[in-house]
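The structure under discussion appears below in the form of structure tokens.
Numbering (our numbering), first residue to last: 376 to 509.
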């Protein structure tokens, strides 16, 4: 946890990755977008989702975003990246307004190239914390 920017958010994200039907990894994308910049925050979510899709072996053009608000304890908005064909899981995220700026917690199957995802998200100009499941 040496490179963790927000330890509480890291722990909460790690809890989301607890063993379930599939093994998951995740990233916390720290943005400078404030509460009035929700359109920029949503574009960041889509951009990161496209990176994850690519490193998970999917063409981002063959994926779509399904949105909803169903976790009042953790998220302001919840979104899923799904494939057009078969509606397969690609990624899921929560967009959090914390201390005046948005953080995006996004998780995906552990078979995706975690290191490459972190690198590509950093290349977009965001600070990012990687979170690996067990």
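Every residue gets a Cβ at the ideal spot worked out from N, C-alpha and C, and that includes glycine. All values derive from a computational prediction rather than experimental measurement.
- Taking the Cα positions, residue 475 is about 26 Å away from residue 400.
- Along the length of the stretch 394 to 430, whole alpha helix (DSSP H) runs at least 4 residues long occupy 413 to 430, reported in chain order.
- In its chain, beyond the 5 residues on either side, 435 have a beta carbon closer than 6 Å to the beta carbon of residue 425.
- Under the 10 Å beta carbon count, residue 418 is surrounded by fewer than 16 other beta carbons and is classified as exposed.
- A Cβ-Cβ separation of about 6 Å places residue 496 in contact with residue 404 under the 8 Å criterion.
- DSSP, reduced to helix, strand and coil, places residue 478 within a strand of the structure shown.
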